[in-house]
Amino acid sequence: MRALCWEGKRNVRVENVPDPKILNSRDAIVRITSTAICGSDLHLYNGFVPSMEKGDILGHEFMGEVVEVGRAVKNLAVGDRVVVPFPIACGSCAMCSRDLFSLCENSNPNSWMASKLWGHSPAGIFGYSHLTGGYAGGQAEYARVPFADVGPLKVPESMPDDQALFLSDIFPTGYMGAEMCDISAGDVIAVWGAGPVGQFAIASAKLLGAERVIAIDRFPYRLRMAMERAGATDIINYEETSVLETLNELTGGRGPDACIDAVGMEAHGHAAMNAYDRAKQALMLETDRPLALREAVLACRNGGTVSVIGVYGGFIDKFPMGSVMNRSLTIKTGQCHVQRYMKPLLERIQKGEIDPSFVITHRMQLDEAPEGYDIFLNKRDGCEKVVLKT
Amino acid sequence: MTTATQDTRAGDASFAGKPLGNSGRDAGWARERETGHRSGRGDGERLARALGLFSIGLGLAQVLTPRGVTRAVGLEDDEGNRKTMLAIGLREMATGVGLLTRQHPTTFAWGRVAGDVMDLAVLGRAFRSDRTDKNRVGAATAAVLGVMVLDVIAGQKLSHSGNGVGAERRRQGGIKVKKSITINQPPEKAYSLWRNFENLPRFMAHLESVRVMDDRRSYWKAKAPLGATVEWTAEITEDLPNDLIEWRSTEDADVPNSGRVRFVPAPGGRGTEVHVELEYDPPGGVIGATIAKLFGEEPSQQVDGDLRRFKQVLEVGEVVHSDASVHRGLHPARPSAETPPLAPRYDGAPS
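Chains A and B, in that order, are what the protein sequence lines are. First residue of the first sequence? That's 1 in our numbering, and the numbers climb one at a time after it. First residue of the second sequence? That's 391 in our numbering, and the numbers climb one at a time after it.
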């Protein structure tokens, strides 16, 4: 089959690789019809995530048709159309029993590696380094899906791929980011990052009843999408205005009730701090550049919540813990427990409350994936989200 | 979720019981500690201090002028070799400081031996290359061999002196590993999977097979570092259903070993805490164990992996594989043309 393989920093290639096979009795093999490039794939692309091997197949947002099932899979049949959640979860360990699927205790065969870096190991993830299992990803013609009786969700025939695909990651991830804000009437939510996850965080905050949602980014086309398509009430271009001052202005000096970091480890920011973090990252004195996170903490109102859904990999520097502690802030975070949200969000799509396809700006063939990475990384051609068809 | 300690304290003869509150059962487990012959200690420490100073000096030279040292030992002066030299320099300095601080000099003395083995590997590779100065590489190899003799002497003297971890390893029979994991299943299920020893190779990566001979004895075959195989007969020394199993190898074993596993109900209905303790005498003693570590055979990591797979078999019915993990060693995350044979599902697991 054809698959997009990581060959080194900023070097991906579509290669011929062997077709996947059933390895465990609860596996399914899916023929992929649509797959997407995620912002977190760019962290791998840019070489910021350790434990990548040359030849790793990338991709964790995919859907398609079941072509084979292991003998212990009873709920799926060949021919079913499914969308696959990015965390791999067994459904029976202590974490899965509590609906904390991205913390599955059984799905990461390289848990020792993750435990060394992070203390304990989270779940395995498709196409997302060897720290999270060494699973082949879904930017390919076929994928092996472990625990197929737990994760994949059947998609109604009437729903096109473009609407269902993002149930695999970015819609649930944005939704969980908003849900962690415990939104109540009158709440103002600020969202750092108007990339695809940020757009869904904004849209979800609106769905959950936020009074105002403020989008923060530096690309006018992304801020426009946030306002016109996702439902942001206000936008801040941080290259033009001071974020903290503007947020205070917009909230009568209180600060937003909750702040969502939908940026993560490769944030950009104003000159001095940006240079500081880039230098530390280059010298490997910190692995992640937490510019958005620092600002989200400082902006948040007293007693408010900082919801972190942007991806961090290792260590950050100059974290304003004094602000968190003295102002009783709550930090909530996590890789999305996608399995928990797929069904209710599918229903919201069916009811017409949201059409997730609004983020798609580029549809390409799998063979064009390397170009897709380049366009997405460099924000060329108004790129918000690249979907690959096979 | 798993916890581990690899016991390195000197004289902790009753390590097996304390954390588990079960000291009554420990008497037979920990071996009696001999009283050390102390004569070698002063010599060993003096030699260790000298080697410590030597390490720091060499390390400083390698870190400050990696290019000069690279040329001096006859290696090609390229980016890769300079980086290797820098890494070796940092290692030398760390070992030197370790020897001088006198907290665990024995460990650092054997660490120097391990470092010598690594250096010899680098030089051996240089010998095969046609871009190196063979005379200089030969002289450097002779120097490393000479220092290695001193390192081994220091290590042995310190080990005999009853000061530090090596001594404990010699007396008590080698490496000890403690690990635990929580499994979302009742103790009966965990006990019964383990108690049928023929199940162990399902999740213990280094076991090739276990054949049960009678209700107390079983015959074990395991893979050892560097492609070797070791075999032994084990006998159960204690067996309390759903609670504890203890075993030890019989006298003729090449690698004397013993083990103990306890199944403790976890609080608040969280399933079963499985606490494992293993002890074994690696072939080649401490040097063998240190060299094995260099080849990635870290015992505490092995036991951690074994316990995680044990949990997988109990919670999901089989060992969970990724595209990379079905292969030994590193492999890219992609399907491969040939898949190794995989174990069938375990019948006793939940369906």
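Beta carbons are placed, not taken as given, at the ideal position from N, Cα and C, and that holds for glycine.
Asked                                                                                                              : Found
Buried/exposed call for Arg399(B), threshold 16 Cβ in 10 Å                                                         : Confidence at Arg399(B) is low in this model, with a pLDDT of 37, below 50, so the placement of that residue is unreliable and no value is reported for it.
Candidates Leu616(B), Asp633(B), Ser648(B) and Asn632(B), of which the one nearest Ile626(B) by Cα                 : Ser648(B)
Rounded C-alpha distance that separates Ala226(A) from Ile202(A)                                                   : 7 Å
Any chain B beta carbon closer than 8 Å to Val30(A)                                                                : no
Range of the contiguous beta strand (DSSP E) that encloses Glu68(A)                                                : Glu61 to Val69
Under 8 Å between C-beta atoms of Ala57(A) and Ala123(A)                                                           : As written in the sequence, residue 57(A) is Ile, which differs from the Ala given in the question. No.
Among Asp509(B), Thr485(B), Gly505(B) and Leu465(B), nearest to Asp520(B) - alpha-carbon criterion                 : Leu465(B)
Own chain partners of Asn302(A) with C-beta closer than 7 Å, once the 5 adjacent residues on each side are dropped : Arg327 and Ser328
Residues from the stretch 43-68 of chain A in contact with chain B, defined by Cβ distance under 8 Å               : Glu53, Lys54, Gly55, Asp56 and Ile57
Reduced DSSP secondary structure (H/G/I, E/B, other) of Lys74(A)                                                   : coil
N- and C-terminal bounds of the alpha helix (DSSP H) containing Leu298(A)                                          : Leu291 to Ala299
Contacts of His596(B) in chain A (Cβ-Cβ under 7 Å)                                                                 : Within chain A, no residue comes near His596(B); the closest Cβ sits about 15 Å away, beyond 7 Å.
Burial state of Gln701(B), where buried means 16 or more other Cβ atoms lie within 10 Å                            : Looking at the sequence provided, one finds Lys at residue 701(B) rather than Gln. Under this definition Lys701(B) is a buried residue.
Residues that DSSP places opposite Arg601(B) in a beta bridge                                                      : Tyr609(B)
Among Val308(A), Ser34(A) and Gly193(A), the one whose alpha carbon lies nearest that of Ile236(A)                 : Gly193(A)
Candidates Thr496(B), Arg502(B), Ala679(B) and Leu535(B), of which the one nearest Leu513(B) by Cα                 : Leu535(B)
Supposed contact pair Pro591(B) and Val602(B) - C-beta distance, whole angstroms, cut 8 Å                          : So it is not a contact: roughly 12 Å between Cβ atoms.
Straight-line gap, Arg457(B) to Glu68(A) (C-alpha atoms, nearest Å)                                                : 58 Å
Member of Ala114(A), Leu250(A) and Arg26(A) whose CA lies at the smallest distance from the CA of Thr233(A)        : Leu250(A)
Gln365(A) burial status per 10 Å Cβ neighbour count (16 or more: buried)                                           : exposed
Sequence ranges, alpha helix (DSSP H) only - wholly within the stretch 634-709 of chain B, length at least 4       : 675-684 and 689-706
Inter-residue spacing [alpha-carbon to alpha-carbon] between Pro734(B) and Gly707(B)                               : 9 Å
Any chain A beta carbon closer than 8 Å to Thr729(B)                                                               : yes
Minimum Cβ-Cβ distance from Asp605(B) to chain A less than 8 Å                                                     : no
Any C-beta of chain E under 8 Å from that of Cys38(A)                                                              : Absent from the structure is chain E; the protein chains it does hold are A and B.
Inter-residue CB distance, Asp541(B) and Val503(B) (contact presumed, cutoff 8 Å)                                  : 5 Å
Listed by chain order, chain B residues near Asn237(A) by CB distance under 7 Å                                    : Neighbours of Asn237(A) on chain B: none; closest Cβ ~38 Å, over 7 Å.
Pro631(B) versus Trp584(B), Gly617(B), Glu621(B) and Leu697(B), residue with shortest Cα-Cα distance               : Trp584(B)
Collapsed DSSP secondary structure at Arg224(A) in the structure displayed                                         : helix
Complete beta strand (DSSP E) runs within the stretch 313-360 of chain A (minimum length 3 residues, chain order)  : 330-333
Contacting residues, own chain, Cβ-Cβ under 8 Å from Gly411(B) (five flanking each side not counted)               : Unreliable positioning characterises Gly411(B) in this predicted model, as indicated by a pLDDT of 37, which lies under 50. A coordinate reading is not provided.
Chain A within 8 Å of His711(B), Cβ atoms only                                                                     : yes
One or two residues paired with Cys5(A) in a DSSP bridge                                                           : Arg13(A) and Ile57(A)
Asp41(A), DSSP secondary structure in three states                                                                 : helix
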